[in-house]
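To start, the structure under review is shown below, and the notes come after it.
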Amino acid sequence: MSALPLDTARIEQLWLQQRIDQLNAAYAAALDEMRFDDWPAFFVPQGRYKVQARENFDRGLPLALMALESQGMMRDRVYGVTPPIYHRPQYPRPGVTPPRRLGHLGAGAGWRPVTGAPRYAKWPGPPAGRHAGWV
């Protein structure tokens, strides 16, 4: 009986997908537990975070509701919204979906950047239903 050939490229893809899923789970947990000070650490120092209306994106318009261009800007944003002073608290509840890999593994050894597109949502009121304990 012969051994199956080792498909190292496929193993690397599966490993990378598992790492991305673990990152998304940790990201969602930080938001669920309202550990907003931990949020910037999920990005590289020059990372970007952009919240843009779908209509603007579809039309190629650059206007965004929020456009943060570094961890420093993200930390500043966290400081500005915690604790809420002028508005009722937000209740982030992630609807984590499998990320769509937008980058590629590339060639060679070592670290290779990968861009993902997970999705999250936030509601203004307290959660209801089976997740009523989330606050």
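The opening residue of the sequence shown carries number 2 in the working numbering; numbering runs sequentially from there. Here a beta-carbon is modelled for each residue, glycine too, at the ideal position from N, C-alpha and C. Model, not experiment: these values are computed from the prediction.
So who's on the other strand from residue i, going by DSSP bridges?
i: Tyr50; result: Leu69
Cβ atoms of residue j and residue i: under 7 Å apart, would you say?
i: Arg49; j: Glu34; result: no
i: Ala31; j: Asp39; result: yes
i: Gln18; j: Pro46; result: no
i: Phe43; j: Tyr28; result: yes
i: Pro41; j: Arg11; result: no
Apart from the five residues just before and just after residue i, which ones in its own chain have a Cβ nearer than 8 Å to its Cβ?
i: Leu66; result: Val52, Gln53, Ala54
i: Val79; result: Phe37, Asp38, Trp40, Pro41
Within a Cβ cutoff of 6 Å, which residues of the same chain sit near residue i, ignoring the five residues on either side of it in sequence?
i: Asn57; result: Leu64
i: Ala68; result: Lys51
i: Val136; result: Interpretation of Val136 is limited by its pLDDT of 43, a score under 50 that renders its predicted location unreliable; no figure is taken from the coordinates.
i: Gln14; result: none
i: Met74; result: none
If residue i and residue j are in contact, beta carbons under 8 Å, what's the gap, nearest whole angstrom?
i: Ala9; j: Phe37; result: The residue asked about is misnamed: residue 9 is Thr in this sequence, not Ala. The Cβ separation is near 39 Å, so there is no contact.
To which residues of the same chain is residue i closer than 7 Å at the C-beta, ignoring the five residues directly before and after it?
i: Leu7; result: none
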